[in-house]
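Number of protein chains: 2
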Amino acid sequence: MSSNTQPKRVGTIGLSGPGSWASRAHIVPLKASPHYTITALQNRTKESANAAATCFDLGPLNVYDDPKSLAQDPNVDIVAVSVKVPHHYEAVKPAIEAGKDVFVEWPLARNLAEAKELAALAKAKGIRTMVGLQGRKMPAAVRAKALIDAGKIGTILGTHMYAHGAIWGAACPENLTYGLPVENGANQVTIAFGHLIDTLCWVVGEVESFSATLANNRPQIPIVTENTYEPTGQILPKTAHDYVSITGKLVCGGVVDATCSGGLSRAGKSLFWEIEGTKGTLILEGGPIGSAVQMFPPTLRLYVDGDAEGEEIELEKVEGAAKGDYSYATGKAWAAWAAEDVGEGYPVVTFEDAVVRHRMIDAVYRSAETGARVTYL
Amino acid sequence: MSSNTQPKRVGTIGLSGPGSWASRAHIVPLKASPHYTITALQNRTKESANAAATCFDLGPLNVYDDPKSLAQDPNVDIVAVSVKVPHHYEAVKPAIEAGKDVFVEWPLARNLAEAKELAALAKAKGIRTMVGLQGRKMPAAVRAKALIDAGKIGTILGTHMYAHGAIWGAACPENLTYGLPVENGANQVTIAFGHLIDTLCWVVGEVESFSATLANNRPQIPIVTENTYEPTGQILPKTAHDYVSITGKLVCGGVVDATCSGGLSRAGKSLFWEIEGTKGTLILEGGPIGSAVQMFPPTLRLYVDGDAEGEEIELEKVEGAAKGDYSYATGKAWAAWAAEDVGEGYPVVTFEDAVVRHRMIDAVYRSAETGARVTYL
């Protein structure tokens, strides 16, 4: 094994107990991959970091209670950030400054300004970056894009996406209250819609211009417990929006509309996404528990002229989601980064890609506020 | 029977042979109703009018070859116009001027200016008017509105409509080529989307403001035969749009998005319309052959919190549509007009209502052109 293919030493930020995103999405693929080894861990306290290391059987590693110390650990090549969105900036910046490669969950940061600053800094430092826009790794999206690129549906006439955000509905779990102030950038628009629209833009190409509508249907929201959704009796103000809808034109020329409503669909229709072309139509549908395309695998059907029944496209199986293991797409993302190391050119979602999506989200807010059709490219 | 309840004498304009809209939608209810009797008929030629009278067994009646003569027939109380949209204005105006009540199919006219002129003239003359926006008469729409008005779904958070226009797809039948120039006002936007959005606005209330996207995906369109859709070899220019999408806010506060793509859905998903409230969700779905809510009856399901299966709402049966008989909703419209006679206050769609919808369609064009969010109320 050449030095280039030595396992990369990963320092994780925000791996707390079972149930945390990092534990559900990152630990399994990182531990299983020959390309990575976890060498350091930072939580709010060293005790918590040690507890997580023990809990996930990570072996001996360095523990820290602040991002700067972890960033300066000479035994860390990559810093992997999986903390609440408002803390992304403060977790990522020291890592970049220390010249470490950085993975960070989507959204890259609270807002476009922070995201641009981090991307510019990363570029100046020449580090490698990756962002957790993992919808692009889901088999239905990968296959849909391949079918379109192969000309199976002809020219795209339009694409229509209708989804529910699963969370951000009638009540807010205690562990997500940090998303209630819109300025924290962790809500239905940035996360639920963000992942969906990123996947859409990856599959059919970017949106040339669009108009947006936003609503905050529940400005006072009841708080429920994290796992059992029992009412706590608390009601908190919410400024983040829970309903987003856009209409516009794709760069490729077709029409795009996408709508994402907060909470679960009462009718079990969490995600319906149609891509209509001159020769065929693709339909991606999500399961009843959520539209989160980065976590739950949609199905994919292809309809071509003359075949009203359509064809269920056979997809690589995504295991685990039903049991709360969301590591499939994240594992693919880590694998893509490793493949890039050996020059395989697998698509990796970088900070620069994330800035494009942040620009789009920013444009959603601008359009909803001003009523103007907006561009973001 | 008092003089008030004597059957109204109806003069029809545009009742041509079997297959014409008038023959599929108007003849059956007009002949069956005790409130109406057909006393005159105008076609492009008297021969054609006589032939139609014989074909539909209308008994002896006066025949005309121009709208002005029919309008002046003293044996006509109501003029019923069912001709191609570009001819509505010239058919309706003489009837109003002659003081006759007027029924006319939707769209009322080619554009907002014509519609406003006709509505103002009708108001000045004090005549009664009715417009064929019959989606409002379909059981699914009537019941959905009643359920909403009864508070079954709580406050409306948003409504989402996705439909295909059935026609105005990849080819244009010979008998519809008059809709190809956008200025004729008889296309995917005015007719397919027009009927759908009118039904939406009747059920959930008007749209306060919205942004629109339009596309003319097929500016050169192959022509096919009327009934068998065989290619004629002709290709004609098309300036009318075949894809429309809006996003905005309802007057009641919820978000609205509605998209209508030309042609049939390859996947048989002609109409999906969800109305999401704080307490429940209504879903209206159309059959595979078309979203035209004024012709084909949608189903209606109600989902309330805690009942994931939902409830299929039992609806009055709409017979005939599968065999090309579209008279159900039109019959209800004529019955509503008759009920108004006896003070029952059944909702009748008037020229003034139609002008509201024309304003909305006009706003669709303005928004699509300028990129601005628009209002129309």
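Residue numbers (our numbering), protein chains in the order written: chain X, 1031 to 1407; chain R, 1031 to 1407. Note that beta-carbon positions come from the ideal geometry of N, C-alpha and C, so glycine has one too.
By the neighbour-count definition (other C-beta atoms within 10 Å, threshold 16), Arg1140(R) is a buried residue. By the criterion of at least three beta-carbon pairs nearer than 8 Å, the stretch 1399–1407 of chain X is not in contact with the stretch 1088–1099 of chain X. The beta carbon of Arg1173(X) sits closer than 8 Å to those of Leu1330, Ile1343 and Leu1345, all from its chain and outside the five residues before and after it, given in chain order. The beta-carbon of Arg1296(R) is placed less than 8 Å from the nearest beta-carbon of chain X. By a beta-carbon distance limit of 8 Å, Tyr1066(R) contacts Val1040(R). Their separation comes to about 5 Å. Cβ atoms of Leu1266(R) and Leu1210(R) come within 8 Å of each other, at about 6 Å. Any Cβ of chain R closer than 8 Å to the Cβ of Val1285(X) would place that residue at the interface, and such an atom is present. Separation of Val1234(X) and Val1219(X) (C-alpha to C-alpha, rounded to the nearest whole angstrom) is 20 Å. The DSSP-derived three-state label of Met1390(R) is helix. According to the DSSP assignment, Thr1229(R) belongs to the alpha helix (DSSP H) that extends over Gly1224 to Val1234. In the DSSP assignment, Val1237(R) falls within the unbroken beta strand (DSSP E) covering Val1237 to Ala1245. Going by DSSP, Asp1179(X) is part of no beta strand (DSSP E) but of the alpha helix (DSSP H) stretching over Pro1169 to Asp1179.
Taking a beta-carbon distance threshold of 8 Å, Asp1335(X) counts as an interface residue toward chain R.
Assigned with DSSP and collapsed to three states, Cys1085(R) falls in helix. Proximity to Val1378(X) across Val1281(X), Gly1162(X) and Gln1250(X) peaks at Gly1162(X), based on C-alpha coordinates.
In the structure shown, the three-state DSSP call for Phe1133(X) is strand. In the displayed model, Gln1324(X) falls within coil according to three-state DSSP, outside both helix and strand. Among the residues of the stretch 1176–1193 of chain R, those with a Cβ less than 7 Å away from any Cβ of chain X are Leu1187, Gly1188, His1190 and Tyr1192, in the order of the chain.
Counting only the Cα atoms, His1271(X) lies some 20 Å from Ala1143(X). Distance from the CA of Asn1217(X) to the CA of Leu1138(R), rounded to the nearest whole angstrom, comes to 45 Å. Rounded to the nearest angstrom, the gap between the Cα atoms of Gly1307(R) and Ile1183(R) is 5 Å. Annotation: the continuous alpha helix (DSSP H) that includes Ser1099(X) extends over Pro1097 to Ala1101. A residue is called buried when at least 16 other Cβ atoms come within 10 angstroms of its Cβ; Thr1069(X) meets this threshold and is buried. Around Gln1264(X), the same chain offers Pro1252 and Ile1253 as residues with beta carbons nearer than 8 Å, after the five sequence neighbours per side are excluded. Taking 3 residues as the minimum length, the beta strand (DSSP E) runs contained wholly in the stretch 1293–1337 of chain R are 1301–1307, 1310–1315 and 1329–1334, in order along the chain.
In the structure shown, the three-state DSSP call for Ser1275(R) is strand. DSSP places His1194(X) inside the beta strand (DSSP E), whose first and last residues are Ile1186 to His1194. The beta carbon of Thr1075(R) lies closer than 8 Å to those of Asp1095 in the same chain, with the five residues before and after it left out. For the stretch 1373–1407 of chain X, the residues whose beta carbon sits under 7 Å from a beta carbon of chain R are, in order, Gly1401, Ala1402 and Arg1403. Ranked by Cα distance from Asn1246(X), the options Val1115(R), Lys1279(R), Glu1256(R) and Gly1354(R) are led by Lys1279(R). Scanning chain R for C-beta atoms nearer than 7 Å to the C-beta of Ile1313(X) yields Ala1297, reported in chain order.
Following the DSSP letters along the chain, one finds Tyr1119(X) inside the alpha helix (DSSP H) bounded by residues His1118 to Glu1127.
Taking all protein chains in view, the Cβ of Asn1205(R) is surrounded by fewer than 16 other Cβ atoms within 10 Å, so the residue is classified as exposed. One finds Thr1243 and Ala1245 in chain R with Cβ atoms closer than 9 Å to the Cβ of Lys1279(X), taken in chain order.
The alpha-carbon separation between Gly1310(R) and Ala1338(R) amounts to approximately 11 Å. Counting C-beta pairs closer than 8 Å gives fewer than three between the stretch 1187–1207 of chain R and the stretch 1120–1128 of chain R, which falls short of the contact rule.
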